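What follows is a set of notes on a single structure, which appears directly below.
In this note's numbering, the protein residues as written are 674 to 1273.
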């Protein structure tokens, strides 16, 4: 056996820089990495002629096929991977947008996968496929093309010494500056190219990602979502957005290749693969570097050591907070941290945490109420057909896993979790991470959240509460991410439907799908909690629990409650905690709710 040394620079959510030094024993040995590429939340390499990928497997990007003699590789930002083996283009991962429907390509030479389309270069020229709403998949005639790159709804190629771009021209992305003898070309939301002792970038530059400093002797470059890096004069240099540590380049011996994702950076040097930034893009849920090849998991590292690398001042918008800081701000966590009962409702199952024990009840067709062993659990959340909890080991999930929703990312300081349709979100220190199904962008967390303190997950969207108020992302089919004006919002709930409700200084404010009246703003007296389900909502104020919206199964017919303290809404039923314990009403699937007895 041979040993491959892999150094990884990991950044926790409170911006403490850590280095993980792993000795990874591989069955066949990593002799030499010949290509590397990175997507938003994963990284792939070509080694020993085959492809190996690590990070998150949200869209099947780690389901690597068996390939030999791979000559080129491209990892798309949204989860589609393409590789050239024997002149043939092979693609896997995210199925939407037609990216897996590869057209006929004659002896492909290079490949580039963008956000929703891909382009390849063969002997006859440039061929593109996938989404074409801006013409990004309709290349012009480019005889003599030598390089191709696909980005976020636009494409570029080098032909006859010039750069040609097509597709969406927002922020000048299809208007490259003049570059002498361009050789390297990379695209993301912006673009960069390297020529003779010159690096030029163009397109959006909200964080300076397109403001390339002067460089000499550039041997490689790559672009991430909002940052850029080059290898110049034997060193890696990065600029742009760096809140997740993707600009903090560690020591790398003789770097020769780069790959950038939206929140992480990787380089290949003489001592192997080095990655830094957002850890979930190259570490698994156990915090290990475990790459997958040919549908077979490579052996985990035998030893992993963590030690402080260096500390840098925290940005002003990243304030270090402990769970106790949230007690007065978040009703759900107040109950968690004071030892009271916590209730959470999914589509047709519910879970509760009391006296250090998590119990779930209701439908169990995919194991969503079969709670695994938990060590000192302190929060639980139920989704459509899966559940997750925070315990001493981090985040633990169980139930359905068809969209990898029970495979949460590695977390260092988990504060709060929120489980939605087939995805989940996590408040980890001062950062929000989401995982699972991303068809509508519900796990694509905005990069500019400011000191987030609560997160919630809906059916196909997610929301967070930060210093600027409530921010939502994902599907907007019902206007659920169009947040109205809120006055000092304190809490937001997304539930399992397509609407949201928030508690602010004016009361409860709802928006999104209102077909059943579930998004109506009800007259309440100093509300302290709100919860939304499919098509109904409930809130707790000084006078008790109030529910509104769809009532086909009695889900809004609130029974008599003895001093209710919290409320949680499921698919077509509702639950509350009062002096008698846990009380539920409505329907849970086709059965009445049977509440477990903690005294048993």
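Using N, Cα and C, we set each Cβ at its ideal position, and we do this for glycine too. Here the structure is a predicted model, which is why all the values come from computation and not from measurement.
Rounded separation between residue i and residue j - CA only
i, j, result
"residue 742", "residue 813", "31 Å"
"residue 875", "residue 747", "21 Å"
"residue 1152", "residue 1184", "7 Å"
"residue 802", "residue 1092", "34 Å"
"residue 1144", "residue 936", "19 Å"
"residue 1101", "residue 1257", "31 Å"
"residue 723", "residue 884", "36 Å"
"residue 1203", "residue 1195", "11 Å"
"residue 1237", "residue 1199", "14 Å"
"residue 1025", "residue 1032", "6 Å"
"residue 830", "residue 783", "11 Å"
"residue 720", "residue 821", "23 Å"
"residue 1047", "residue 1022", "19 Å"
"residue 1140", "residue 1178", "15 Å"
"residue 1064", "residue 1089", "11 Å"
"residue 825", "residue 1050", "41 Å"
"residue 1201", "residue 1180", "9 Å"
"residue 891", "residue 940", "14 Å"
"residue 1234", "residue 1175", "23 Å"
"residue 1123", "residue 1136", "13 Å"
"residue 1084", "residue 730", "16 Å"
Span of the beta strand (DSSP E) around residue i
i, result
"residue 866", "864-868"
"residue 715", "715-720"
"residue 1255", "1254-1259"
"residue 819", "818-823"
"residue 1223", "Premise fails: residue 1223 is in no beta strand (DSSP E) and is neither H nor E."
"residue 910", "908-913"
"residue 1032", "1030-1035"
"residue 951", "945-951"
"residue 1250", "1246-1251"
"residue 916", "Note, residue 916: premise wrong, no beta strand (DSSP E); not H, not E."
"residue 788", "Segment: none, residue 788 is in no beta strand (DSSP E) and carries neither H nor E."
"residue 1063", "1059-1064"
"residue 1110", "First-last for residue 1110: undefined, no H or E at that position."
"residue 725", "723-728"
"residue 859", "857-860"
"residue 746", "743-748"
Buried or exposed by the 16-neighbour rule on C-beta atoms within 10 Å, applied to residue i
i, result
"residue 978", "With a pLDDT of only 25 at residue 978, under 50, the local geometry of the prediction cannot be trusted, and the value read off the model is given with reservation. Exposed."
"residue 1020", "buried"
"residue 817", "exposed"
"residue 946", "buried"
"residue 1067", "buried"
"residue 1250", "buried"
"residue 1255", "buried"
"residue 1158", "exposed"
"residue 713", "buried"
"residue 1138", "buried"
"residue 1253", "exposed"
"residue 1028", "exposed"
"residue 1030", "exposed"
"residue 806", "exposed"
"residue 676", "Note that residue 676 has pLDDT 28, beneath the 50 cutoff, so the model's placement of it is unreliable and the number below is only indicative. Residue 676 is exposed by the Cβ-count criterion."
"residue 1228", "buried"
"residue 943", "exposed"
"residue 853", "exposed"
"residue 1303", "The requested residue 1303 does not occur in the structure, where the chain is confined to residues 674 to 1273."
"residue 770", "buried"
"residue 796", "exposed"
"residue 1160", "exposed"
"residue 834", "exposed"
For residue i: DSSP bridge partner residues
i, result
"residue 1084", "Partner(s): none; residue 1084 has no beta bridge."
"residue 810", "Its beta-bridge partners do not exist; DSSP assigns none."
"residue 904", "893, 909"
"residue 1144", "1137"
"residue 1067", "1064"
"residue 827", "840"
"residue 920", "None; residue 920 has no bridge partner."
"residue 761", "758"
"residue 933", "938"
"residue 1204", "1211"
CB contact check: residue i to chain D, cutoff 9 Å
i, result
"residue 1254", "In the displayed structure, chain D is absent; only one protein chain is listed."
- Stretch pair the region 1165-1176 + the region 1124-1132: three plus CB contacts closer than 8 Å: In short, these stretches touch, since the Cβ pair count reaches three.
- Assess, as a yes-or-no matter, whether the region 920-937 is touched by the region 885-903 under the definition of 3 or more beta carbon pairs within less than 8 Å. Yes, since at least three Cβ pairs between the region 885-903 and the region 920-937 fall closer than 8 Å, the two stretches touch.
- How about the region 1073-1093 and the region 1108-1116: do they share at least three Cβ pairs that are nearer than 8 Å? Between the region 1073-1093 and the region 1108-1116 there are three or more inter-stretch CB-CB distances shorter than 8 Å, so the stretches are counted as touching.
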